[in-house]
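K.L.:
To start, I am sharing the structure in question, which I have written as C-alpha cells.
4 protein chains.
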Amino acid sequence: MTTSTKREAQAQERRNQLIDVARRLFAEKGMERTSIRDIADAAGVAPGLIYHYFENKDALFWAIIERHNPLAEMTALFAQAETLPVREFMLLAATRGYALMGERQDLLRIVFHEALSRPEMLQRIRVLQQMGIALLVGYLNGRIAAGELRPHNAEATARMLVGSILALRLTGAPAEPYITDIIDNLLCGVAAP
Amino acid sequence: MTTSTKREAQAQERRNQLIDVARRLFAEKGMERTSIRDIADAAGVAPGLIYHYFENKDALFWAIIERHNPLAEMTALFAQAETLPVREFMLLAATRGYALMGERQDLLRIVFHEALSRPEMLQRIRVLQQMGIALLVGYLNGRIAAGELRPHNAEATARMLVGSILALRLTGAPAEPYITDIIDNLLCGVAAP
Amino acid sequence: MTTSTKREAQAQERRNQLIDVARRLFAEKGMERTSIRDIADAAGVAPGLIYHYFENKDALFWAIIERHNPLAEMTALFAQAETLPVREFMLLAATRGYALMGERQDLLRIVFHEALSRPEMLQRIRVLQQMGIALLVGYLNGRIAAGELRPHNAEATARMLVGSILALRLTGAPAEPYITDIIDNLLCGVAAP
Amino acid sequence: MTTSTKREAQAQERRNQLIDVARRLFAEKGMERTSIRDIADAAGVAPGLIYHYFENKDALFWAIIERHNPLAEMTALFAQAETLPVREFMLLAATRGYALMGERQDLLRIVFHEALSRPEMLQRIRVLQQMGIALLVGYLNGRIAAGELRPHNAEATARMLVGSILALRLTGAPAEPYITDIIDNLLCGVAAP
DNA sequence: CATGAATGAGGGTTCATTCAT
DNA sequence: AATGAATGAACCCTCATTCAT
Numbered sequence: 274m275t276t277s278t279k280r281e282a283q284a285q286e287r288r289n290q291l292i293d294v295a296r297r298l299f300a301e302k303g304m305e306r307t308s309i310r311d312i313a314d315a316a317g318v319a320p321g322l323i324y325h326y327f328e329n330k331d332a333l334f335w336a337i338i339e340r341h342n343p344l345a346e347m348t349a350l351f352a353q354a355e356t357l358p359v360r361e362f363m364l365l366a367a368t369r370g371y372a373l374m375g376e377r378q379d380l381l382r383i384v385f386h387e388a389l390s391r392p393e394m395l396q397r398i399r400v401l402q403q404m405g406i407a408l409l410v411g412y413l414n415g416r417i418a419a420g421e422l423r424p425h426n427a428e429a430t431a432r433m434l435v436g437s438i439l440a441l442r443l444t445g446a447p448a449e450p451y452i453t454d455i456i457d458n459l460l461c462g463v464a465a466p
Numbered sequence: 274m275t276t277s278t279k280r281e282a283q284a285q286e287r288r289n290q291l292i293d294v295a296r297r298l299f300a301e302k303g304m305e306r307t308s309i310r311d312i313a314d315a316a317g318v319a320p321g322l323i324y325h326y327f328e329n330k331d332a333l334f335w336a337i338i339e340r341h342n343p344l345a346e347m348t349a350l351f352a353q354a355e356t357l358p359v360r361e362f363m364l365l366a367a368t369r370g371y372a373l374m375g376e377r378q379d380l381l382r383i384v385f386h387e388a389l390s391r392p393e394m395l396q397r398i399r400v401l402q403q404m405g406i407a408l409l410v411g412y413l414n415g416r417i418a419a420g421e422l423r424p425h426n427a428e429a430t431a432r433m434l435v436g437s438i439l440a441l442r443l444t445g446a447p448a449e450p451y452i453t454d455i456i457d458n459l460l461c462g463v464a465a466p
Numbered sequence: 274m275t276t277s278t279k280r281e282a283q284a285q286e287r288r289n290q291l292i293d294v295a296r297r298l299f300a301e302k303g304m305e306r307t308s309i310r311d312i313a314d315a316a317g318v319a320p321g322l323i324y325h326y327f328e329n330k331d332a333l334f335w336a337i338i339e340r341h342n343p344l345a346e347m348t349a350l351f352a353q354a355e356t357l358p359v360r361e362f363m364l365l366a367a368t369r370g371y372a373l374m375g376e377r378q379d380l381l382r383i384v385f386h387e388a389l390s391r392p393e394m395l396q397r398i399r400v401l402q403q404m405g406i407a408l409l410v411g412y413l414n415g416r417i418a419a420g421e422l423r424p425h426n427a428e429a430t431a432r433m434l435v436g437s438i439l440a441l442r443l444t445g446a447p448a449e450p451y452i453t454d455i456i457d458n459l460l461c462g463v464a465a466p
Numbered sequence: 274m275t276t277s278t279k280r281e282a283q284a285q286e287r288r289n290q291l292i293d294v295a296r297r298l299f300a301e302k303g304m305e306r307t308s309i310r311d312i313a314d315a316a317g318v319a320p321g322l323i324y325h326y327f328e329n330k331d332a333l334f335w336a337i338i339e340r341h342n343p344l345a346e347m348t349a350l351f352a353q354a355e356t357l358p359v360r361e362f363m364l365l366a367a368t369r370g371y372a373l374m375g376e377r378q379d380l381l382r383i384v385f386h387e388a389l390s391r392p393e394m395l396q397r398i399r400v401l402q403q404m405g406i407a408l409l410v411g412y413l414n415g416r417i418a419a420g421e422l423r424p425h426n427a428e429a430t431a432r433m434l435v436g437s438i439l440a441l442r443l444t445g446a447p448a449e450p451y452i453t454d455i456i457d458n459l460l461c462g463v464a465a466p
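Protein chains in written order, with the working numbering: chain A, 274 to 466; chain B, 274 to 466; chain C, 274 to 466; chain D, 274 to 466.
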C-alpha cells in the first residue's frame, strides 16, 4: 500500500514535471516547433517515457490546458465585487486580469496559437471566454441596477474591457498608465463636456 | 515586346494565384501545418514551381502580407477625417476597421498565429501595428486640440479602440450593435451621470 | 548492468555496421552520389536510424575517417626504425605504406574526392598528411645526422617518397618491381657514375 | 553565307564561353555542387540555353576536357629534349609540368574529382596519363642509351617524377626549392657517398 | 538563338510514435 | 517506471531537364 502510494505520488510528480516542461517549451516555440525529444531532453528523460504518461502529443497539450484554468480565480475575485466602489473594483479586476494573463502568458500564447489553427481548440477556448464575459456582464448589470452605472448594453462594455486588456498584453504594453486611463475613459468618456 | 509582356503578365498571374492559394491554406490550417505540396496540389502545379516564384516558404508568407497591406486604405480614410464630426468619423473608422479585419480575417489568423511563435515575425508585425496606432493617436490629438475631445492620454484610447474591435473579430461577434455601443461608451462613458 | 552493456554493445555494433556500409558506398560512388537512403537500404535499416547515430551525413563521413586512421600504425612502424639499415627500413616503410593505401583504397578515394571539392575537408586532411610527412622527415634527418644519408633537404625526399607511392596506387601499378626501384633510385640516383 | 558564318562564329563563341564558365565553377565547387542554373547565372544566360549547346551536364563536362588537352604541349617540349643536358632538361620538364598543372589546376581538380568516382572517367584519364609516362620513359631510355643515365628501370623513374610533381601540386607546395631538390635527389641519390 | 516557366524525382533531415529490454 | 533503438512518413528544398514562346 505504502509503496504503491509512493509510486503513485512519484508518478504524479513526474507527470506534472512533464506538463510544466512542455508548457514552457510550447510557449517559447509553439507546439509544432517543439518536438517530443525537446521535451524529453529538457525534462532529462527518454522520449519513450512521455508516452507512458500521455497518449500522444495532443493529449499532453490538453493536459497542460486542464492543469491551468484561470476561471476559478476570476470567479473568486468577482464574489467580493460588492465590497468596493465601481471604479476601484474595475481597476482591481482589470489589473488582476492583466496580471493573470502575464503569469499565464506562456499559456496564453499556446492557447491563442493553437486556437487560431485548430477549430476544435477554438471551440473550447470560446466556452471559457464566454464564461469570463458572462461574469463581467453579471457584475456590470448589477451596478446598473444599483444606479452606479447608466443603463446600457453591458456586453459591449465587457468586451471593450477584455479586448483592451488583451490588446495591452498582446502588444507588450505595460499596465500603467494604460489601465487607469482605460478605466477612466470607460467610466467618464473622452468627449469634451 | 508583346510576347514578353504577355509572358510577364502570365507569370504575375501565376504568382498571385500561388499567393492566394497559400493564403487560404495558411489561414485554414496554419502555416506549419500547410506543406508546400499542399499548396502545389491546391494550385494544380508542381511543388518545384513554388520555388521559382518564392525563395522559400517564409518568403511566400511575406508576399502574402505585402499583397494585402491594410495600411494604405486606413491612411486614405484618415485623410478625410476632418470632414466629419467626431462621433461619425469614429463610427466610420471602427466599422471600416472591423470590415477590413473581416475581409482579411484569414490573414489576421495567419499573422497572429505566426507572431505568437516567431519573434522575428512579431517584430515586423509590431511595426505595422504601431503605425496603425500612430494614425489613430494623431487623429485623436487633433480632436483634443480642437476642443472636441477632453484632454487625455490618446494612446490609451487608441489601444482601447483597436483592442475592442480586434476582440470582436477574434470572438466572432457581429458589428452591430457592438460597434455603436463601443463608440458611445468611449465618448460618453458608462458611469451614471 | 549486463543488460545495459548488451544494449550498448549492440548499439556500437550497429554504429560500426553503418560506418562500414557507408564507407563501401562512398568509395564506390562518391559521397554525393550516395544518398542516405542508399546507405539505409544497404544496411537493411530505416533512413531515420542513421540520424540516431550520426548528426548528419558529414558526421558520418568523419566517423569513417576516424575509424580508420593509419597514423597510429605508421607511428608504430617508425618507432622501430633504428633497428634496421636505411635501405631495409625505407623498403619496409614504402611497402607498408603501399599496402596501407591498398587496404584503405576505398578510403583513399573518398578522402581525395572530398578534399578536392570542399575546402574545409582539405584543411582537415592536410593536417593528417602533414603529420605523416613530419614522421618521415624526422626519420630522414636522424639518418643524416647519423651519417647514413648525405646532408640535404629531407622534406623534398619525404615528398618524393610519398608522392611516388601515392602515384603507384592512384594509377593501379603493382608494388614490385616499382618500390624497390624507387628506393634504389632515391638512395643512389639515376645519373651515370 | 556571311550571316550564317557570323552566326556560326557567334555560336562558337557562346559555346566556348559556356565551357569556360563551367570549367571555373566545376573546379571551384565540384561538378555535382555546381547546378546548371549556377552556370547559366554566371554566364548571364537562361538555363535552357545550355541545353541548346550541350546535350546534358555530362556532355558539357566532356567538352571541357576535350578543349584543354595538355598532351600537345608536353609532346612539343620533349621534341627539343636533345638540345639540353639531362639535368637542365629534367628541371625544365618538371618545372613546365608543375606550371601546367597550375595553369590547369582547376582542370586537374575536376578530372581527379570525377575520375575518383566514375569508372568511365578513370579509363579515359589513365590513357592520357599513360601517354605522358610513355613520353618520359622514351626520353629516359634515350639518355640511358646515350650513357648519361645509368641503366635502370626507366618507368620507375618516370613514375617517381610524375608522382612527386603531382604531390607538390596536390599539397599546394611551391615549386622551389622542391623541384630542384627532387631532380638532384633523383639524379644523385640521397645516400651518403 | 534565346528565354524562363514548369516539371517531378530525389536530396538530406526531422519527428511522432512503437516496442523490446 | 524507464530506456533508447528503430521505424517510416513527411517535410522543405534543389535540380537536371523539357518545351512553348
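Backbone N, C-alpha and C fix where the C-beta goes; we use that ideal spot for every residue, glycine too.
(1) Three or more C-beta pairs closer than 8 Å, one from the segment 426-437 of chain C and one from the segment 321-332 of chain D: is that the case here?
(2) Reducing DSSP to helix, strand and coil, say where D:Ala418 ends up.
(3) Per the DSSP calculation, C:Ala464 is bridged to which residue(s)?
(4) Which of the three DSSP states is assigned to B:Met433 in this structure?
(5) Is DSSP giving B:His341 helix, strand or coil here?
(6) For A:Glu361, is the classification buried or exposed, using 16 other Cβ atoms within 10 angstroms of its Cβ as the cut-off for buried?
(7) Going by other Cβ atoms of all chains shown within 10 Å of its Cβ, with 16 needed for buried, is D:Asn289 buried or exposed?
(8) On the criterion of 16 or more Cβ atoms from any shown chain inside 10 Å, does A:Arg416 qualify as buried, or is it exposed?
(9) If you follow the alpha helix (DSSP H) that C:Val359 is in, where does it begin and where does it stop?
(10) Since B:Glu435 meets chain A, which of its residues come closer than 8 Å, beta carbon to beta carbon?
(11) Consider the Cβ of B:His386: report whether some Cβ of chain A lies at a distance smaller than 8 Å.
(12) Hey, quick one: how far does the alpha helix (DSSP H) through C:Arg391 stretch, first residue to last?
(13) How would you label A:Leu413, buried or exposed, when you count the other beta carbons within 10 angstroms and need 16 or more for buried?
(14) For C:Gly420, is the classification buried or exposed, using 16 other Cβ atoms within 10 angstroms of its Cβ as the cut-off for buried?
(15) Looking at chain A, is there any beta carbon in it that lies within less than 8 Å of the beta carbon of B:Arg288?
(16) Within a Cβ cutoff of 6 Å, which residues of the same chain sit near A:Leu333, ignoring the five residues on either side of it in sequence?
(17) Would you please verify whether the beta carbon of A:Val400 is less than 8 Å from any beta carbon of chain B?
(18) Anything in chain B within Cβ reach of A:Gly462, meaning under 7 Å, just list it in chain order.
(19) Got a sec, what are the start and stop residues for the alpha helix (DSSP H) C:Arg306 sits in?
(20) How many angstroms separate the CA atom of A:Met374 from the CA atom of B:Asp293?
(21) Taking Cβ to Cβ, would you say D:Ile323 is nearer than 8 Å to D:Leu291?
(22) Where D:Glu301 and C:Asn342 are concerned, what is the direct C-alpha to C-alpha distance, given to the nearest angstrom?
(23) Listing by chain order, which chain C residues have their CB less than 7 Å from the CB of D:Tyr451?
(24) Where do the ends of the alpha helix (DSSP H) carrying A:Pro450 lie?
(25) What is the rounded straight-line gap between the Cα of D:Pro450 and the Cα of C:Glu286?
(26) I'd like the list of long-range same chain contacts for D:Thr368, defined as Cβ closer than 7 Å, with 5 residues on each side in sequence excluded.
(27) In the structure shown, what three-state DSSP assignment does A:Phe334 receive?
(28) Quick check on this structure: which residue in C:Val463, C:Gly445, C:Gly411 and C:Leu422 has the alpha carbon closest to the alpha carbon of D:Val463?
(29) Could you give the DSSP three-state label for B:Glu328: helix, strand or coil?
(30) Can you find the residues in the same chain that come closer than 6 Å, C-beta to C-beta, to D:Phe299, ignoring five residues on each side of it along the sequence?
(31) Using 8 Å as the threshold, is the C-beta distance between B:Asn458 and A:Leu441 below it?
(32) Measuring only the C-alpha atoms, how far is A:Asp483 from A:Tyr371?
(33) Exposed or buried, which one is C:Ala366 when buried takes at least 16 other CB atoms within 10 Å?
(34) Thinking just about the alpha-carbon of each residue, which of A:Val318, A:Gly411, A:Glu305 and A:Arg297 is nearest to the one in A:Glu355?
P.N.:
A quick look at the data gives this:
(1) no
(2) helix
(3) D:Leu422
(4) helix
(5) coil
(6) exposed
(7) exposed
(8) buried
(9) Val359 to Glu376
(10) The question names Glu, but residue 435 of chain B is Val in the sequence shown. Within 8 Å Cβ-Cβ: Ala440.
(11) yes
(12) From DSSP, C:Arg391 is part of no alpha helix (DSSP H); its letter is neither H nor E.
(13) buried
(14) exposed
(15) no
(16) Ala295 and Phe327
(17) no
(18) Leu459, Leu460, Cys461 and Gly462
(19) Segment: none, C:Arg306 is in no alpha helix (DSSP H) and carries neither H nor E.
(20) 35 Å
(21) yes
(22) 28 Å
(23) Ala429 and Arg432
(24) Per DSSP, A:Pro450 belongs to no alpha helix (DSSP H) and is neither H nor E.
(25) 49 Å
(26) Ala448 and Ile452
(27) helix
(28) C:Leu422
(29) coil
(30) Thr307 and Ile383
(31) no
(32) The displayed coordinates of chain A run from 274 to 466. Any statement about residue 483 of chain A would go beyond what the structure contains.
(33) buried
(34) A:Gly411
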